[in-house]
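Only one structure is covered here, and it is reproduced in the block below.
Protein chains: 2
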Amino acid sequence: MDTALDRAVRVFRERGYHATSIGDLTAAMRLATGSVYKAFRDKHAVFLAAFERYTALRQEQTRSAAARGANGREQIRNVLLSYVEHSQGVEGRRGCLVVGSAVELSAHDAMVAARVSTQLATNENFIAGLIRDGQADGSIPRHVAADDTARLMLCITQGMRVVGKARLPLDGIRLVGVAMKLLA
Amino acid sequence: MDTALDRAVRVFRERGYHATSIGDLTAAMRLATGSVYKAFRDKHAVFLAAFERYTALRQEQTRSAAARGANGREQIRNVLLSYVEHSQGVEGRRGCLVVGSAVELSAHDAMVAARVSTQLATNENFIAGLIRDGQADGSIPRHVAADDTARLMLCITQGMRVVGKARLPLDGIRLVGVAMKLLA
DNA sequence: TTTATTCGGGAACAATCATTCCCTATTATG
DNA sequence: CATAATAGGGAATGATTGTTCCCGAATAAA
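Same order as they appear, the protein sequences are chains A and B. Its first residue numbered 1, the first sequence is counted upward by one per residue in this note's numbering. Its first residue numbered 1001, the second sequence is counted upward by one per residue in this note's numbering.
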C-alpha cells in the first residue's frame, strides 16, 4: 500500500490535484477503481495521505542534509544546496507537493491550507533553529536576526521550486554562495 | 472586452486553470457561453489572453515601483517591497498567475511553459539591470555578482508569492531589510 | 467439504465538463 | 425601407469526471 501511495505522490506532484483523474490515479497506483475507494474515502483523502507521505520524506531528506554539516552555518549551507538539487532536473520538474498545494488548493480547501501552513512553519522553524545553533557555536554572528532571516530563507527555498519547475537552471554553488551573505 | 478579461484574470488567479469551469468564467466575465467562444477559440485561449494581460499589468507595477527609487539600490528595495505588498492580504491570497501557471501547467503545456519562462527571465533581467545601474551610480559595490544575485532575488520574489498564498504574514520592512544584505 | 468473509476488480451511474449549434436582437448596408 | 451581417445569449451534446454497486476469486471458519 505504501508503494501505491508513493506512486500517487508522484502523479499528484506531476499533474497537480485537479488535473489528476481517478483514472490517472488507478493507473499509477496499479489498483482498480473499487480498490482505491476501499482504501480511501475519496480522491481528497488519497491526496491528503499522499501529502502526508511526501512531507515526511522531504523532512527526513533535509534533516539528513543538515546533519552532514559540522556547525550551524554549514548545516544551513547544506540545506540550501539540497533544496537547489531537489528543485532541478527530473525531480525539480516533478515539483513540490507543498508548493503545488499552496498555489492550487490553499485558497479553497481549509484542510489542505492548514497542512501547508504547518509544513511551511516547520521548515521555517527548522532553519531558525539552525541559525541559533550557528550563533551558539560561533559560526554565525550574533547580530543576525534569526526569525527574519529564516522567513526570507523560506521564501528562497519555495521560490527555488517555482523557478525549477519552470526549468530555469540553478547553479547551486553560486546561488547558495550569494545566499550565505544573509548570515554575514 | 478588456474589463471582461480583467475579470477572467481574477478567476484564474483565485482558482487556477483546471478548477475554473466555463461556468465560472462566464459568470465572472458576465458573458454567455456562446459569447466567450465567439471571442476566444477555447478555454485555453482565454487563459493565454488573461496571462498576457496579467503580466503586462504586473510589469508596469514593478517598473513604476522601481522608478520611485533615487538610485539602483533604492530601486531594488522598492521592487522587493512592492513584491511583499502584492504577496499579502487579499491580493496575496488571490495569487500570482505566473507562479500558478509555472506550478500547475508548465509541465504539460508547452505554450504556457514558454510564456512563464520568458516572464521569469524578464523579471530576472530587470533586477540584474538595476544591480548594474546601482554599481554604475555607486550605490551597490562592484563585487556584487549581478546575475547570480538577480537569480536569487527572483527566487525570493516567487517564493514570497507562495508563502503569501499560504497566508503566512510577511513584514516588508524586516524581510527586505535582511534581503538587502545581498547587495553588500 | 461447505459456508462465510474478505478483497480486488471493473461495469454502471449521475453530475459536470468543454464545446457546438441555433436563435434573436441590433446594427450596418443596399 | 428592406436586407444583409454581426453579436450576444442559452439550450443541446458528447465526453469525462468522481463515486457507487456488484461480481468473482481467494482465504478462513465450520
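Cβ atoms here follow ideal geometry from the backbone N, Cα and C, with glycine treated the same way. Please read these numbers as outputs of a predicted model, since none were measured by experiment.
Going along chain B, which residues have a C-beta under 9 Å from residue 148 of chain A?
1171, 1174, 1175, 1177 and 1178
I'd like to know whether the C-beta of residue 28 of chain A is nearer than 8 Å to at least one C-beta of chain B.
So, not an interface residue.
With a threshold of 8 Å between beta carbons, is residue 160 of chain A in contact with chain B?
yes
At 4 residues or longer, what runs of the alpha helix (DSSP H) sit wholly inside the region 1006 to 1040 of chain B?
1022 to 1029 and 1033 to 1039
Is the region 1062 to 1081 of chain B touching the region 154 to 167 of chain A in the sense that three or more CB pairs, one from each, lie closer than 8 Å?
no
Does the count of Cβ pairs from the region 1089 to 1099 of chain B and the region 99 to 108 of chain A closer than 8 Å reach three?
Flag = yes, the region 1089 to 1099 of chain B and the region 99 to 108 of chain A touch.
What residue range is occupied by the uninterrupted alpha helix (DSSP H) comprising residue 985 of chain B?
Residue 985 of chain B falls outside the range modelled here, since chain B spans only 1001 to 1184, and no answer is possible.
Host alpha helix (DSSP H) of residue 131 of chain A (start-end)
For residue 131 of chain A, the enclosing alpha helix (DSSP H) starts and ends at 110 to 137.
For residue 1146 of chain B, which of B:1072, B:1005 and B:1035 has the nearest alpha-carbon?
B:1072
Taking the alpha helix (DSSP H) that residue 1155 of chain B falls in, what are its first and last residues?
1146 to 1165 is the span of the alpha helix (DSSP H), which, as asked, contains residue 1155 of chain B.
Give me the Cα-Cα distance between residue 1150 of chain B and residue 122 of chain A, rounded to the nearest whole angstrom.
27 Å
Outcome for residue 1060 of chain B when other beta-carbon atoms lying within 10 angstroms are tallied against a minimum of 16:
exposed
Starting from residue 1015 of chain B, find everything on chain A with Cβ-Cβ shorter than 8 Å and list it in chain order.
107 and 108
Which residues of chain B have a Cβ atom closer than 8 Å to the Cβ of residue 166 of chain A, listed in chain order?
1102, 1106, 1113, 1116, 1117 and 1120
For residue 1120 of chain B, the nearest candidate out of A:24, A:31, A:177 and A:167 (CA to CA)
A:167
Cutting at 6 Å between CB atoms, please list the residues of its own chain near residue 142 of chain A, excluding the five before and the five after it.
135
Identify whether residue 57 of chain A lies in helix, strand or coil by the three-state DSSP scheme.
helix
Helix, strand or coil for residue 1231 of chain B? Go by DSSP, reduced to three states.
This structure cannot speak to residue 1231 of chain B, because chain B is shown only from 1001 to 1184.
Among B:1017, B:1157, B:1036 and B:1019, which residue has its Cα nearest to the Cα of residue 1004 of chain B?
The candidate whose alpha carbon is nearest that of residue 1004 of chain B is B:1036.
How should residue 25 of chain A be labelled, buried or exposed, when 16 other C-beta atoms within 10 angstroms of its C-beta is the threshold for buried?
buried
Residue 1184 of chain B beta carbon less than 8 Å from that of residue 1156 of chain B
no
I'd like to know whether the C-beta atoms of residue 7 of chain A and residue 29 of chain A end up nearer to each other than 8 Å.
yes
Proximal chain A residues relative to residue 1152 of chain B, where beta-carbon distance stays under 8 Å:
156, 175, 178 and 179
Residue range of the alpha helix (DSSP H) that residue 1078 of chain B falls in?
1072 to 1086
Beta-carbon separation of residue 1124 of chain B and residue 1081 of chain B under 8 Å?
No.
Own chain, CB closer than 8 Å to residue 1152 of chain B, minus 5 neighbours either side, in chain order
These residues qualify, in order along the chain: 1182.
Length of the line joining the Cα atoms of residue 88 of chain A and residue 1034 of chain B:
43 Å
Rounded C-alpha distance that separates residue 1148 of chain B from residue 174 of chain A:
7 Å
Can you look up residue 1068 of chain B in the DSSP assignment and give me helix, strand or coil?
coil
From this set, B:1055, B:1041, B:1140 and B:1130, which residue's C-alpha is nearest residue 1117 of chain B's C-alpha?
B:1055
Would you please verify whether the beta carbon of residue 1058 of chain B is less than 8 Å from any beta carbon of chain A?
no
Identify the continuous alpha helix (DSSP H) that holds residue 92 of chain A and give its terminal residues.
89 to 94
Integer-rounded CB distance, given that residue 1016 of chain B should sit under 8 Å from residue 1100 of chain B
6 Å
Quick check: the Cα distance between residue 1062 of chain B and residue 1083 of chain B, rounded to an integer number of angstroms?
8 Å
Cβ of residue 1130 of chain B within 8 Å of Cβ of residue 1076 of chain B?
yes
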